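First to last, the protein sequences are chains A and B.
So the first sequence is numbered by my numbering: it starts at 67 and just counts up by one.
So the second sequence is numbered by my numbering: it starts at 491 and just counts up by one.
No residue lacks a Cβ here, since even glycine has one placed at the ideal position from N, Cα and C.
The structure presented is a predicted model; accordingly, all values stated were derived computationally and were not measured.
Single-structure report; data block below.
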Amino acid sequence: MVDKVLMKGNEAIAEAAIKAGCRYFFGYPITPQNALPEYMSKRLPEVGGVFLQAESEVAASNMVYGAAGAGARVLTSSSSPGISLKMEGISYIAGAELPAVIVNIMRGGPGLGGIQPSQADYFQATKGGGHGDYRLAVLAPSSVQEAVDLTIDAFDIADRYRNPVMILGDGMIGQMMEPVEFKQEIDPADLPLKEWATDGARGRKPNIINSLFLDPQKLEDHVMKLEDKYKQMKANEVRYELYKMDDAELAVVAYGTTARISISAVDMARKKGIKAGLIRPISLFPFPEKVINETAEQVVNFLTVEMSTGQMVEDVRLAVNGEKPVYFYGRTGGMVPSPEEILAEIEKIGGVKR
Amino acid sequence: MKIVAAYPESLTDKEFHYCPGCTHGIIHRLVAEVIDELGVRKDTIGVAPVGCAVLAYDYFNCDMHEASHGRAPAVATGIKRVHQDKVVFTYQGDGDLASIGTAEIVHAANRGELISTVFVNNAIYGMTGGQMAPTTLDKQKTTTSPYGRDKGLAGNPIKISEMLAVLDGPAYIARVSVHDPKHIRQAKKAIQKAFQVQLEGKGFATVEVLSSCPTNWGMSPVQALKWLAENMLDVYPLGVFKEVD
Ligand SMILES: Cc1ncc(C[n+]2csc(CCOP(=O)(O)OP(=O)(O)O)c2C)c(N)n1
Ligand code: SF4
């Protein structure tokens, strides 16, 4: 059996990246994710990797763009305002079809916002964020162990689709301590060679990493190729977890930290005789729309809970497609909903047959 | 038979899209000749800018990476950190390097990043149609300084080589020009040196190359070279600003 170690979310994600064979990190300090780059600055030199504190998030994301083009597994992390700055690089990385992993440990916004946990970057993460027709694969852990597992998977997904992948956490996931185990360890030397990478044109024609297509027909063709990848992701990469959904009449839909809290609320509701359950999207893009749509035949109501004024709820509504009412409860600005608050919402709408 | 002049292997056979008389073409050729002479074409990764040289990835016959506007030094940093045994260079205009990309160039230089930068200063934004650049001369007319650049309003021509030379990271900083054959020969030597210090692991290098933009300066190619010699050399004196043994 693998030993469990007690780790903070931010550090566990960093170690998971190393276990995934990532040896390059470029970033810029911002609360509440500082423990991640700090951990990398200590660990990467030990494994022959490179930690570089960039002059800004703009530079950091462009360093990632360079390193990813050069064929490396590479990570950057930040929190909301920093992610906004990284969007330039992210759009280019997506446009040039490069694999990279970006961690967003969300804090309250807009603007400088605050430093407490938030989920208000859902739109930015799942609907593009940067300019152009592209998507990130977005994975949202709700425990430290899951953050570890998803980080390792993120590198595989990034390589498989040659597309950036975002780990979307929040200040709570980043800072809480839980026991974790690292089930695998990848030696970067064992990773398959990326024949498209810029590593010197020896014995082959030069490789070009590029996202410029001046001919609109060529650009449309390129974008349609990207679109095909996103369709494949929708077919193959949807992840979610169901909790007490077998006989549920009310489906709470929540991700990340909010999903954890919602589990307590669901249990409290069950004790009161309300048949509540939880659908927890793990992949936010691709969004688990099918299971939500199918659940509409079973339940009476949906309640989406988020640490925002309502972002994912739009995707839930699209999935439910008007078949059942979709309610929303959210706290924002760094305020975390309590199980009691969520229970109160469940009680307000629960059991009401329509 | 000894070949004294041939088409550089480090250039592809794609025809340049540059305007007639534009000195970007000359500078491309110099860079390619240097790569050939150092014998490093298959170990070189170039980073193209956003600017008239955006398609440089089609012209240099080595691995190329097209950067976002001004970020070539950051992209090059990412590449070089992964492939420390390769030669990495950036090719950037003055809007790219001296305006939107000042943070990236200053910090790459300051880190002593082992990359070589070819910085083409034509005192204007060529690609977007002749707007004022930070390098535009005082009183120079451009499409966004139609009354002539006004120092009080728009600041002063920015002297990148002088600025970078005060940092400890760079191993070689020089300003050259390509307005006549003699200066072209000197420019090539400087570019050679900029690659050489990288190969020797000495530090960061930039060669600022004064270049012409006949199209947006509204001049014939010959007039443009004359204008460069008569107006730019005073503001941007040529020379080596930093050289580490
Ligand atoms: C982020 C961003 N801002 C602006 C532009 C538009 N743009 C393209 S090239 C350019 C200026 C290029 O000028 P310079 O670097 O001097 O190169 P030149 O064309 O003169 O060779 C600008 C502003 C862009 N492509 N991306
Ligand atoms: S616009 Fe100016 S810099 Fe650009 S190719 Fe034409 S002459 Fe050269």
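Between the alpha carbons of A/G174 and B/V537 lies a distance of about 37 Å. By the C-beta criterion, the stretch 273-280 of chain A is judged not to be in contact with the stretch 316-327 of chain A, since fewer than 3 inter-stretch pairs fall below 8 Å.
Using a Cβ distance threshold of 9 Å, A/Y188 and A/L350 count as a contacting pair. Partner residues in the beta bridge of A/Y395, as assigned by DSSP, are A/V371. With respect to B/C703, B/A613 sits close: the two C-beta atoms are nearer than 9 Å.
When secondary structure is reduced to three states using DSSP, A/P98 falls in the coil class, being assigned neither helix nor strand.
B/A644 is outside the set of residues whose beta carbon lies under 9 Å from a beta carbon in chain A.
Within the DSSP bridge table, the entry for B/N611 names B/L700 as partners.
Among the bridge pairs identified by DSSP, A/P245 is matched with A/L72. Cβ proximity to chain B below 7 Å picks out T264, D265, G266, A267 and R268 from the stretch 238-270 of chain A. For A/D236, the enclosing beta strand (DSSP E) stretches over residues P230 to D236. In this structure, the CA atom of A/Y393 is about 6 Å from the CA atom of A/T370.
At a Cβ-Cβ threshold of 9 Å, A/G240 and A/P98 count as neighbours. Around B/G620, the same chain offers I614, T632, T633 and N706 as residues with beta carbons nearer than 7 Å, after the five sequence neighbours per side are excluded. If you look at A/T323, you'll find it in the alpha helix (DSSP H) that goes G322 to K337. Of the other Cβ atoms in all chains shown, 16 or more fall within 10 Å of the Cβ of B/H573; this residue is therefore buried. Under DSSP, the beta-bridge partners assigned to A/M172 are A/D236. Apart from the 5 residues on each side of it in sequence, A/G114 sits with its Cβ closer than 8 Å to the Cβ of R89 in its chain, given in chain order. DSSP places B/P727 in the coil class of the three-state scheme, outside both helix and strand. Along the stretch 117-137 of chain A, going in chain order, the ones with a CB nearer than 9 Å to a CB of chain B are L118, A120, E121, S122, V124, A125, A126, S127, N128, M129, V130, Y131, G132, A133, A134, G135, A136 and G137. The C-beta distance from B/T696 to B/S651 rounds to 7 Å, short enough to meet the 8 Å contact threshold.
Within the chosen limit of 8 Å, ligand 2 does not reach the beta carbon of A/Y296 with any heavy atom. A direct Cα-to-Cα measurement between A/I218 and A/D225 gives close to 11 Å.
Here B/M709 carries a coil assignment [DSSP, helix/strand/coil]. Per the coordinates, the alpha-carbon of A/I84 lies some 33 Å from the alpha-carbon of A/D381.
Checking the DSSP bridge columns, you'll see B/K732 partnered with B/I663. Distances from the CB of B/N612 to the heavy atoms of ligand 1 include at least one below 8 Å. Of all alpha-carbon atoms in A/A342, A/I358, A/P347 and A/E360, the one lying nearest the alpha-carbon of A/E411 is that of A/A342. A distance criterion of 8 Å places the beta-carbon of B/N706 in contact range of ligand 2, judged by its closest non-hydrogen atom.
Per DSSP, the beta bridge partners of B/H555 are A/I275 and B/V537. Looking at the backbone, the Cα of A/R383 and that of A/T142 are separated by about 32 Å.
Sixteen is the threshold: since fewer than 16 other Cβ atoms of the shown chains lie within 10 Å of the Cβ of B/V656, the residue is exposed. Taking a C-beta cut-off of 9 Å against chain A, the contacting residues of the stretch 537-551 of chain B are V537, A538, V540, V544, L545, Y547, D548, F550 and N551, listed in chain order. In this structure, the alpha-carbon of B/V725 lies about 15 Å from that of B/D584. In the structure shown, the three-state DSSP call for B/G602 is coil. In this structure, the C-beta of B/M617 approaches ligand 2 to less than 8 Å from one of its heavy atoms.
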